[in-house]
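Here's the structure, in C-alpha coordinates; my notes come after.
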Amino acid sequence: MLAKNTNLLFALINLMAVAVVFTGWWPVPGSYFLLEPALFCSMAMLCLLILSVSEVRVDRRSLFAYGAFTAWVVLSDALSGEFLPALARDVHWLILPLLVVLYARLFAGSEDMLKVLQVVVALSLIIICYRLIDGADAVVNWVKLPIFGNIRRLAMTVGLMSVFLYRDAGYRQSEQWLFVLARIIGLSLLFWSGSRGAILSWLLAFLTFIWLTGQWSALRGWLLEVIVAVALALWFDVGNPSMGFLNAFFRSGIGASGIDGMSSGRLSLWLKTLDALHKPGVALLGAGGNGFVRLRLMFDQIFHPHNIGLQVLADWGAGGFLLLLWLVRQGMPERSAWKASKDSMTGLGAALMVFLLLTGLLDGGLYHLQYLFFAAIAFALTAKPVAVAANDDEGIAQQIAVSRLGIAGLLFAAMFLHWVVRDYRAVWPVTPHLHQPYVVPHRG
(Lines of atoms letter the chains of each structure in order from A and count residues from 1; the text may use other names and numbers.)
(Lines give C-alpha, C1' and ligand atoms only; values in the text may rest on other atoms or scores of the structure.)
Protein backbone atom coordinates (compact mmCIF):
# COMPACT_ATOMS: atom_id res chain seq x y z
CA MET A 1 0.00 0.00 0.00
CA LEU A 2 1.21 3.45 -0.83
CA ALA A 3 1.71 5.59 2.20
CA LYS A 4 -0.63 8.50 2.80
CA ASN A 5 0.23 12.19 3.18
CA THR A 6 3.56 11.86 1.41
CA ASN A 7 3.59 14.97 -0.79
CA LEU A 8 7.05 15.96 0.45
CA LEU A 9 8.43 12.49 -0.19
CA PHE A 10 7.01 12.41 -3.71
CA ALA A 11 8.60 15.81 -4.36
CA LEU A 12 11.95 14.42 -3.18
CA ILE A 13 11.46 11.37 -5.41
CA ASN A 14 10.91 13.62 -8.41
CA LEU A 15 13.97 15.73 -7.55
CA MET A 16 16.12 12.63 -7.25
CA ALA A 17 14.77 11.34 -10.58
CA VAL A 18 15.83 14.66 -12.12
CA ALA A 19 19.29 14.17 -10.61
CA VAL A 20 19.52 10.64 -12.04
CA VAL A 21 18.64 11.75 -15.58
CA PHE A 22 21.06 14.68 -15.52
CA THR A 23 23.86 12.69 -13.89
CA GLY A 24 23.47 10.10 -16.64
CA TRP A 25 24.85 12.44 -19.30
CA TRP A 26 26.42 15.33 -17.38
CA PRO A 27 30.25 15.01 -17.08
CA VAL A 28 30.36 14.51 -13.31
CA PRO A 29 33.95 14.55 -11.93
CA GLY A 30 35.06 11.04 -11.02
CA SER A 31 32.47 9.35 -13.26
CA TYR A 32 34.34 6.61 -15.09
CA PHE A 33 32.60 4.43 -17.62
CA LEU A 34 33.61 1.25 -15.82
CA LEU A 35 31.73 2.06 -12.60
CA GLU A 36 30.12 5.55 -12.61
CA PRO A 37 29.73 5.79 -8.81
CA ALA A 38 27.90 9.14 -8.81
CA LEU A 39 25.16 7.87 -11.12
CA PHE A 40 24.79 4.58 -9.29
CA CYS A 41 24.50 6.28 -5.91
CA SER A 42 21.86 8.63 -7.34
CA MET A 43 19.85 5.63 -8.53
CA ALA A 44 20.27 3.89 -5.17
CA MET A 45 19.06 7.00 -3.33
CA LEU A 46 16.08 7.15 -5.70
CA CYS A 47 15.21 3.56 -4.76
CA LEU A 48 15.50 4.40 -1.06
CA LEU A 49 13.12 7.33 -1.42
CA ILE A 50 10.56 5.27 -3.33
CA LEU A 51 10.85 2.53 -0.71
CA SER A 52 9.67 5.03 1.89
CA VAL A 53 6.29 5.31 0.17
CA SER A 54 5.86 1.92 -1.47
CA GLU A 55 6.09 -1.78 -0.73
CA VAL A 56 8.06 -4.25 -2.80
CA ARG A 57 5.79 -7.14 -3.72
CA VAL A 58 6.71 -9.76 -6.31
CA ASP A 59 5.41 -13.19 -7.20
CA ARG A 60 7.34 -16.25 -6.10
CA ARG A 61 8.53 -17.27 -9.55
CA SER A 62 9.99 -13.82 -10.30
CA LEU A 63 11.70 -13.72 -6.91
CA PHE A 64 13.18 -17.17 -7.47
CA ALA A 65 14.43 -16.16 -10.94
CA TYR A 66 16.07 -13.06 -9.48
CA GLY A 67 17.65 -15.06 -6.67
CA ALA A 68 19.08 -17.63 -9.09
CA PHE A 69 20.46 -14.91 -11.37
CA THR A 70 22.02 -13.04 -8.44
CA ALA A 71 23.64 -16.19 -7.06
CA TRP A 72 25.17 -16.97 -10.46
CA VAL A 73 26.48 -13.41 -10.86
CA VAL A 74 28.08 -13.46 -7.41
CA LEU A 75 29.66 -16.84 -8.18
CA SER A 76 31.13 -15.53 -11.45
CA ASP A 77 32.49 -12.47 -9.67
CA ALA A 78 33.97 -14.55 -6.85
CA LEU A 79 35.87 -16.69 -9.36
CA SER A 80 37.06 -13.70 -11.40
CA GLY A 81 40.09 -12.90 -9.23
CA GLU A 82 38.80 -9.35 -8.64
CA PHE A 83 35.68 -9.94 -6.60
CA LEU A 84 34.87 -6.44 -5.34
CA PRO A 85 35.40 -4.53 -8.63
CA ALA A 86 33.53 -7.21 -10.57
CA LEU A 87 30.64 -7.18 -8.10
CA ALA A 88 30.49 -3.38 -8.12
CA ARG A 89 30.04 -3.46 -11.87
CA ASP A 90 27.41 -6.20 -11.76
CA VAL A 91 25.37 -4.37 -9.13
CA HIS A 92 24.37 -2.11 -12.04
CA TRP A 93 22.29 -5.02 -13.28
CA LEU A 94 21.15 -6.30 -9.91
CA ILE A 95 19.49 -2.99 -9.02
CA LEU A 96 17.38 -2.93 -12.19
CA PRO A 97 14.61 -5.36 -11.10
CA LEU A 98 14.13 -3.28 -7.95
CA LEU A 99 13.73 -0.13 -10.05
CA VAL A 100 11.25 -1.92 -12.30
CA VAL A 101 9.06 -3.03 -9.39
CA LEU A 102 9.17 0.36 -7.66
CA TYR A 103 8.46 2.44 -10.75
CA ALA A 104 5.75 0.05 -11.96
CA ARG A 105 3.82 0.76 -8.76
CA LEU A 106 4.36 4.50 -9.11
CA PHE A 107 3.23 4.54 -12.75
CA ALA A 108 0.16 2.50 -11.83
CA GLY A 109 -0.79 5.05 -9.18
CA SER A 110 -0.10 8.30 -11.03
CA GLU A 111 1.17 9.60 -14.37
CA ASP A 112 2.95 12.52 -12.71
CA MET A 113 6.12 10.48 -12.22
CA LEU A 114 6.34 9.74 -15.93
CA LYS A 115 5.62 13.37 -16.81
CA VAL A 116 8.50 14.53 -14.59
CA LEU A 117 10.87 12.15 -16.36
CA GLN A 118 9.70 13.34 -19.77
CA VAL A 119 10.09 17.02 -18.87
CA VAL A 120 13.61 16.55 -17.52
CA VAL A 121 14.55 14.55 -20.63
CA ALA A 122 13.23 17.36 -22.84
CA LEU A 123 15.22 19.95 -20.91
CA SER A 124 18.30 17.72 -21.10
CA LEU A 125 18.15 17.67 -24.90
CA ILE A 126 17.97 21.46 -25.03
CA ILE A 127 20.88 21.87 -22.59
CA ILE A 128 23.00 19.29 -24.45
CA CYS A 129 22.52 21.18 -27.70
CA TYR A 130 23.35 24.50 -26.05
CA ARG A 131 26.52 23.15 -24.46
CA LEU A 132 27.74 21.64 -27.73
CA ILE A 133 27.18 24.88 -29.64
CA ASP A 134 28.60 27.03 -26.85
CA GLY A 135 31.80 24.99 -26.68
CA ALA A 136 32.18 24.35 -30.41
CA ASP A 137 35.22 26.64 -30.78
CA ALA A 138 37.22 24.62 -28.26
CA VAL A 139 36.55 21.19 -29.80
CA VAL A 140 39.59 19.57 -31.40
CA ASN A 141 38.08 16.25 -32.46
CA TRP A 142 34.32 16.13 -32.99
CA VAL A 143 34.32 12.34 -33.11
CA LYS A 144 35.58 12.35 -29.51
CA LEU A 145 33.51 15.34 -28.56
CA PRO A 146 33.02 16.86 -25.07
CA ILE A 147 30.41 15.69 -22.54
CA PHE A 148 30.02 12.19 -23.96
CA GLY A 149 33.58 11.32 -24.94
CA ASN A 150 32.45 9.82 -28.24
CA ILE A 151 30.01 10.79 -30.98
CA ARG A 152 28.19 7.46 -30.74
CA ARG A 153 27.50 7.95 -27.04
CA LEU A 154 25.90 11.27 -27.97
CA ALA A 155 23.85 9.60 -30.70
CA MET A 156 22.54 6.86 -28.42
CA THR A 157 21.62 9.39 -25.73
CA VAL A 158 19.74 11.86 -27.93
CA GLY A 159 18.09 9.06 -29.89
CA LEU A 160 16.81 7.37 -26.75
CA MET A 161 15.63 10.65 -25.26
CA SER A 162 13.78 11.55 -28.48
CA VAL A 163 11.90 8.24 -28.40
CA PHE A 164 10.99 8.86 -24.75
CA LEU A 165 9.13 12.07 -25.70
CA TYR A 166 6.63 10.64 -28.19
CA ARG A 167 4.03 9.75 -25.60
CA ASP A 168 1.44 12.50 -24.99
CA ALA A 169 -1.19 11.87 -22.32
CA GLY A 170 -3.11 15.10 -22.75
CA TYR A 171 -0.38 17.43 -21.56
CA ARG A 172 -0.78 21.21 -21.51
CA GLN A 173 -0.03 23.17 -24.67
CA SER A 174 3.21 24.55 -23.24
CA GLU A 175 4.42 21.05 -22.38
CA GLN A 176 3.53 19.77 -25.83
CA TRP A 177 5.53 22.57 -27.48
CA LEU A 178 8.46 21.81 -25.17
CA PHE A 179 8.40 18.18 -26.32
CA VAL A 180 8.19 19.21 -29.98
CA LEU A 181 11.20 21.51 -29.61
CA ALA A 182 13.16 18.87 -27.72
CA ARG A 183 12.36 16.14 -30.27
CA ILE A 184 13.52 18.35 -33.14
CA ILE A 185 16.74 19.16 -31.31
CA GLY A 186 17.32 15.53 -30.37
CA LEU A 187 16.70 14.24 -33.89
CA SER A 188 18.86 16.95 -35.46
CA LEU A 189 21.77 15.93 -33.21
CA LEU A 190 21.06 12.26 -33.96
CA PHE A 191 21.12 12.79 -37.73
CA TRP A 192 24.14 15.10 -37.54
CA SER A 193 26.08 12.45 -35.60
CA GLY A 194 25.75 10.06 -38.53
CA SER A 195 25.56 7.07 -36.19
CA ARG A 196 23.93 4.47 -38.39
CA GLY A 197 23.12 2.11 -35.55
CA ALA A 198 21.43 4.80 -33.45
CA ILE A 199 19.48 6.17 -36.42
CA LEU A 200 18.25 2.68 -37.36
CA SER A 201 17.31 2.02 -33.73
CA TRP A 202 15.35 5.29 -33.52
CA LEU A 203 13.49 4.51 -36.76
CA LEU A 204 12.41 1.04 -35.64
CA ALA A 205 11.48 2.30 -32.17
CA PHE A 206 9.44 5.10 -33.75
CA LEU A 207 7.58 2.64 -35.98
CA THR A 208 7.02 0.32 -33.01
CA PHE A 209 5.43 3.12 -31.02
CA ILE A 210 3.08 4.09 -33.86
CA TRP A 211 2.11 0.48 -34.57
CA LEU A 212 1.32 -0.37 -30.94
CA THR A 213 -0.49 2.87 -30.10
CA GLY A 214 -2.25 3.41 -33.43
CA GLN A 215 -1.49 7.15 -33.37
CA TRP A 216 -1.44 7.46 -37.15
CA SER A 217 -3.14 10.84 -36.98
CA ALA A 218 -0.01 12.31 -35.38
CA LEU A 219 2.30 10.85 -38.02
CA ARG A 220 2.15 13.91 -40.29
CA GLY A 221 3.33 16.23 -37.52
CA TRP A 222 6.09 13.85 -36.46
CA LEU A 223 7.33 13.53 -40.05
CA LEU A 224 7.44 17.32 -40.26
CA GLU A 225 9.66 17.31 -37.17
CA VAL A 226 11.97 14.83 -38.90
CA ILE A 227 12.23 17.06 -41.98
CA VAL A 228 13.13 20.07 -39.85
CA ALA A 229 15.66 17.98 -37.92
CA VAL A 230 17.34 16.80 -41.13
CA ALA A 231 17.56 20.40 -42.36
CA LEU A 232 19.20 21.47 -39.10
CA ALA A 233 21.61 18.53 -39.25
CA LEU A 234 22.69 19.55 -42.76
CA TRP A 235 23.05 23.18 -41.68
CA PHE A 236 25.21 22.47 -38.62
CA ASP A 237 28.69 22.56 -40.18
CA VAL A 238 31.64 22.23 -37.79
CA GLY A 239 34.31 22.43 -40.47
CA ASN A 240 35.20 18.75 -40.25
CA PRO A 241 34.80 16.72 -43.46
CA SER A 242 34.06 13.55 -41.47
CA MET A 243 31.15 15.09 -39.58
CA GLY A 244 27.60 15.93 -40.61
CA PHE A 245 24.47 14.09 -41.70
CA LEU A 246 25.86 12.89 -45.04
CA ASN A 247 29.61 12.81 -44.46
CA ALA A 248 29.43 10.79 -41.26
CA PHE A 249 27.75 7.88 -43.03
CA PHE A 250 31.04 7.26 -44.81
CA ARG A 251 33.29 7.86 -41.81
CA SER A 252 35.86 5.06 -41.78
CA GLY A 253 36.84 5.09 -38.14
CA ILE A 254 36.82 6.83 -34.79
CA GLY A 255 40.53 7.40 -34.58
CA ALA A 256 43.55 5.16 -34.56
CA SER A 257 41.57 2.16 -33.45
CA GLY A 258 39.41 2.17 -36.57
CA ILE A 259 36.44 0.65 -34.79
CA ASP A 260 33.39 1.86 -36.69
CA GLY A 261 29.80 0.82 -36.00
CA MET A 262 28.50 -1.92 -38.30
CA SER A 263 31.88 -2.11 -40.08
CA SER A 264 34.48 -4.86 -40.44
CA GLY A 265 36.18 -3.46 -37.33
CA ARG A 266 33.11 -4.20 -35.26
CA LEU A 267 32.91 -7.73 -36.64
CA SER A 268 36.58 -8.22 -35.82
CA LEU A 269 35.91 -7.12 -32.25
CA TRP A 270 33.05 -9.59 -31.92
CA LEU A 271 35.14 -12.45 -33.34
CA LYS A 272 37.97 -11.73 -30.89
CA THR A 273 35.47 -11.80 -28.03
CA LEU A 274 34.02 -15.10 -29.20
CA ASP A 275 37.52 -16.55 -29.44
CA ALA A 276 38.26 -15.50 -25.84
CA LEU A 277 35.09 -17.26 -24.67
CA HIS A 278 36.55 -20.62 -25.68
CA LYS A 279 38.85 -20.57 -22.66
CA PRO A 280 38.13 -23.23 -20.00
CA GLY A 281 35.56 -22.06 -17.50
CA VAL A 282 34.84 -18.76 -19.24
CA ALA A 283 32.22 -20.22 -21.57
CA LEU A 284 30.11 -21.42 -18.64
CA LEU A 285 30.84 -18.94 -15.84
CA GLY A 286 32.25 -15.91 -17.63
CA ALA A 287 34.99 -13.68 -16.23
CA GLY A 288 32.89 -11.59 -13.84
CA GLY A 289 31.78 -7.98 -14.15
CA ASN A 290 33.71 -6.16 -16.89
CA GLY A 291 34.77 -9.53 -18.19
CA PHE A 292 35.82 -8.00 -21.52
CA VAL A 293 38.54 -6.05 -19.70
CA ARG A 294 39.56 -9.02 -17.57
CA LEU A 295 39.95 -11.20 -20.67
CA ARG A 296 42.60 -8.73 -21.89
CA LEU A 297 40.52 -7.68 -24.88
CA MET A 298 40.44 -3.98 -24.02
CA PHE A 299 42.48 -1.56 -26.11
CA ASP A 300 42.55 2.21 -26.47
CA GLN A 301 39.06 3.37 -25.36
CA ILE A 302 37.33 0.09 -26.27
CA PHE A 303 36.38 -1.50 -22.95
CA HIS A 304 33.31 -3.57 -23.85
CA PRO A 305 32.42 -5.79 -26.83
CA HIS A 306 29.74 -3.47 -28.27
CA ASN A 307 27.21 -6.29 -28.21
CA ILE A 308 24.96 -7.14 -25.28
CA GLY A 309 24.99 -10.86 -26.00
CA LEU A 310 28.78 -11.05 -26.00
CA GLN A 311 28.91 -8.73 -23.00
CA VAL A 312 26.72 -11.07 -20.95
CA LEU A 313 28.69 -14.13 -22.07
CA ALA A 314 32.00 -12.46 -21.18
CA ASP A 315 30.70 -11.44 -17.76
CA TRP A 316 28.59 -14.43 -16.65
CA GLY A 317 29.00 -17.13 -19.29
CA ALA A 318 26.29 -19.27 -20.85
CA GLY A 319 24.68 -19.99 -17.48
CA GLY A 320 24.28 -16.31 -16.68
CA PHE A 321 22.96 -15.66 -20.18
CA LEU A 322 20.17 -18.22 -19.76
CA LEU A 323 19.29 -17.01 -16.27
CA LEU A 324 19.11 -13.42 -17.50
CA LEU A 325 16.71 -14.45 -20.27
CA TRP A 326 14.56 -16.23 -17.68
CA LEU A 327 14.53 -13.17 -15.44
CA VAL A 328 13.62 -10.87 -18.33
CA ARG A 329 10.80 -13.20 -19.32
CA GLN A 330 9.30 -12.87 -15.83
CA GLY A 331 8.95 -9.13 -16.31
CA MET A 332 7.44 -9.24 -19.78
CA PRO A 333 3.67 -8.90 -20.25
CA GLU A 334 1.56 -11.41 -22.13
CA ARG A 335 1.20 -10.92 -25.87
CA SER A 336 -2.35 -9.62 -25.51
CA ALA A 337 -1.14 -6.80 -23.26
CA TRP A 338 1.00 -5.10 -25.89
CA LYS A 339 -2.01 -3.35 -27.43
CA ALA A 340 -4.15 -3.16 -24.32
CA SER A 341 -2.86 0.19 -23.05
CA LYS A 342 -5.12 2.98 -24.31
CA ASP A 343 -2.84 5.71 -22.95
CA SER A 344 0.14 4.39 -24.99
CA MET A 345 2.21 3.64 -21.87
CA THR A 346 2.89 0.08 -23.00
CA GLY A 347 3.72 1.31 -26.50
CA LEU A 348 6.29 3.73 -25.11
CA GLY A 349 7.90 0.99 -23.04
CA ALA A 350 8.08 -1.31 -26.05
CA ALA A 351 9.60 1.45 -28.21
CA LEU A 352 12.27 2.09 -25.60
CA MET A 353 13.00 -1.64 -25.46
CA VAL A 354 13.44 -1.79 -29.24
CA PHE A 355 15.85 1.15 -29.22
CA LEU A 356 17.90 -0.19 -26.31
CA LEU A 357 18.02 -3.73 -27.68
CA LEU A 358 19.25 -2.64 -31.12
CA THR A 359 21.84 -0.22 -29.76
CA GLY A 360 22.82 -2.92 -27.31
CA LEU A 361 23.42 -5.36 -30.15
CA LEU A 362 25.36 -2.84 -32.26
CA ASP A 363 27.05 -0.67 -29.64
CA GLY A 364 27.11 0.03 -25.90
CA GLY A 365 23.41 0.70 -25.49
CA LEU A 366 23.13 -1.80 -22.63
CA TYR A 367 26.58 -1.34 -21.11
CA HIS A 368 26.41 2.17 -19.70
CA LEU A 369 24.41 2.67 -16.52
CA GLN A 370 22.58 5.64 -18.02
CA TYR A 371 20.84 3.36 -20.52
CA LEU A 372 20.21 0.63 -17.97
CA PHE A 373 18.15 3.14 -15.99
CA PHE A 374 15.94 3.76 -19.02
CA ALA A 375 15.74 0.00 -19.57
CA ALA A 376 14.25 -0.27 -16.08
CA ILE A 377 11.76 2.48 -16.93
CA ALA A 378 10.82 0.64 -20.13
CA PHE A 379 10.12 -2.58 -18.24
CA ALA A 380 8.18 -0.67 -15.58
CA LEU A 381 5.95 0.77 -18.31
CA THR A 382 5.18 -2.70 -19.69
CA ALA A 383 5.47 -4.78 -16.52
CA LYS A 384 2.80 -7.14 -15.28
CA PRO A 385 0.49 -5.36 -12.82
CA VAL A 386 2.06 -5.22 -9.36
CA ALA A 387 -0.25 -2.76 -7.63
CA VAL A 388 -3.27 -4.60 -6.26
CA ALA A 389 -6.36 -3.11 -4.76
CA ALA A 390 -6.80 -2.98 -1.02
CA ASN A 391 -9.59 -5.56 -1.14
CA ASP A 392 -7.81 -7.90 -3.57
CA ASP A 393 -6.86 -10.54 -1.01
CA GLU A 394 -6.21 -13.17 -3.68
CA GLY A 395 -3.77 -10.91 -5.56
CA ILE A 396 -1.92 -10.03 -2.37
CA ALA A 397 -1.69 -13.70 -1.36
CA GLN A 398 0.09 -14.55 -4.63
CA GLN A 399 2.84 -12.02 -3.95
CA ILE A 400 5.71 -11.92 -1.47
CA ALA A 401 6.51 -8.72 0.42
CA VAL A 402 10.27 -8.19 0.47
CA SER A 403 11.73 -6.53 3.56
CA ARG A 404 12.29 -2.84 2.90
CA LEU A 405 14.88 -2.68 5.67
CA GLY A 406 16.84 -5.50 4.07
CA ILE A 407 16.72 -3.83 0.66
CA ALA A 408 17.89 -0.54 2.17
CA GLY A 409 20.83 -2.28 3.82
CA LEU A 410 21.90 -3.85 0.52
CA LEU A 411 21.61 -0.50 -1.28
CA PHE A 412 23.83 1.25 1.27
CA ALA A 413 26.36 -1.59 1.00
CA ALA A 414 26.36 -1.28 -2.80
CA MET A 415 26.92 2.49 -2.62
CA PHE A 416 29.81 2.00 -0.19
CA LEU A 417 31.30 -0.65 -2.48
CA HIS A 418 31.17 1.71 -5.46
CA TRP A 419 33.14 4.41 -3.70
CA VAL A 420 35.67 1.93 -2.30
CA VAL A 421 36.56 0.72 -5.81
CA ARG A 422 35.72 3.91 -7.72
CA ASP A 423 39.27 4.15 -9.15
CA TYR A 424 39.20 0.58 -10.42
CA ARG A 425 41.75 -0.03 -13.22
CA ALA A 426 43.39 3.33 -12.41
CA VAL A 427 44.96 2.62 -9.00
CA TRP A 428 43.35 -0.71 -8.06
CA PRO A 429 46.02 -3.39 -7.44
CA VAL A 430 44.97 -5.80 -10.17
CA THR A 431 46.24 -9.35 -10.30
CA PRO A 432 49.63 -9.91 -12.04
CA HIS A 433 48.27 -11.69 -15.10
CA LEU A 434 46.35 -8.57 -16.11
CA HIS A 435 49.39 -6.46 -17.10
CA GLN A 436 48.21 -4.19 -19.91
CA PRO A 437 48.28 -0.49 -20.74
CA TYR A 438 45.21 1.34 -19.62
CA VAL A 439 43.84 4.87 -19.75
CA VAL A 440 40.82 5.60 -17.58
CA PRO A 441 37.88 6.44 -19.87
CA HIS A 442 36.45 9.68 -18.56
CA ARG A 443 33.57 11.89 -19.59
CA GLY A 444 34.43 15.55 -19.92
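The sequence shown lines up with residues 1183 to 1626 when you count with my numbering.
Yeah, the Cβ is synthetic: ideal placement off N, Cα and C, and Gly gets one too.
Keep in mind that this is a model prediction, so the values were computed, not measured.
Secondary-structure assignment with DSSP links Ala1583 through a beta bridge to Arg1239.
It is roughly 27 angstroms from the alpha-carbon of Arg1378 to the alpha-carbon of Thr1564.
DSSP places Pro1267 inside the alpha helix (DSSP H), whose first and last residues are Phe1265 to Leu1276. In the assembly as shown, Asn1472 is a buried residue. Its beta-carbon has 16 or more other beta-carbons within 10 Å. If you ignore the 5 residues before and after Leu1347, its C-beta comes within less than 7 angstroms of the C-beta of Gln1300, Val1303, Ala1304, Phe1361, Ala1364 and Arg1365, all in its own chain and listed in chain order. In the structure shown, Phe1481 adopts extended strand secondary structure according to DSSP, grouped into three states. Taking a C-beta distance under 9 angstroms as the contact criterion, Tyr1553 and Leu1540 do not qualify as a contact pair.
DSSP places Gly1396 in the coil class of the three-state scheme, outside both helix and strand. Within a 10 Å sphere around the beta-carbon of Ser1399 sit fewer than 16 other beta-carbons, which makes this residue exposed. Bounds of the alpha helix (DSSP H) holding Glu1357 are Gln1355 to Ser1375. In the three-state scheme derived from DSSP, where H, G and I count as helix and E and B as strand, Arg1476 is classed as helix. A straight line joining the alpha-carbon of Gly1368 with that of Pro1462 spans about 45 angstroms. Here DSSP, grouped into helix, strand and coil, assigns Arg1349 to coil.
In the displayed model, Thr1188 falls within coil according to three-state DSSP, outside both helix and strand. When DSSP states are grouped into helix, strand and coil, His1600 belongs to the helix group. The Cβ atoms of Trp1207 and Ile1310 lie closer than 9 angstroms to each other. Between Phe1251 and Leu1509, the C-beta gap is smaller than 9 angstroms, which places the two residues in contact. Within a 10 Å sphere around the beta-carbon of Arg1478 sit fewer than 16 other beta-carbons, which makes this residue exposed. Here the alpha carbons of Gly1396 and Met1514 stand approximately 21 angstroms from one another. The beta carbon of Leu1245 is closer than 7 angstroms to those of Ile1582 in its chain, skipping five residues each way along the sequence.
The three-state secondary structure of Trp1404, taken from DSSP, is helix. With fewer than 16 other beta carbons inside 10 angstroms of its own, Phe1598 counts as exposed.
For Leu1544, the enclosing alpha helix (DSSP H) has its first and last residue at Met1527 to Leu1544. When only Cα atoms are considered, Leu1530 and Val1345 end up about 8 angstroms apart.
When DSSP assignments are scanned along the region 1287-1341, the uninterrupted stretches of alpha helix (DSSP H) that are 4 or more residues long and fall wholly within it turn out to be 1294-1316.
Where Tyr1553 is concerned, the enclosing alpha helix (DSSP H) starts and stops at Leu1551 to Thr1564. The three-state secondary structure of Asp1497, taken from DSSP, is helix.
Per DSSP, Leu1230 is one residue of the alpha helix (DSSP H) stretching across Pro1219 to Leu1233.
In this structure the region 1247-1265 does not touch the region 1219-1228; the number of beta carbon pairs closer than 8 angstroms is below three. Annotation: Val1298 to Leu1495 spans about 36 angstroms, alpha carbon to alpha carbon.
Comparing alpha-carbon positions, the option among Phe1594, Ala1562, Ala1465 and Trp1601 lying closest to Leu1280 turns out to be Ala1562. By the CB criterion at 9 angstroms, Tyr1248 and Gln1512 fall inside the cutoff. Glu1218 sits buried, since 16 or more C-beta atoms from the chains shown fall within 10 Å of its C-beta.
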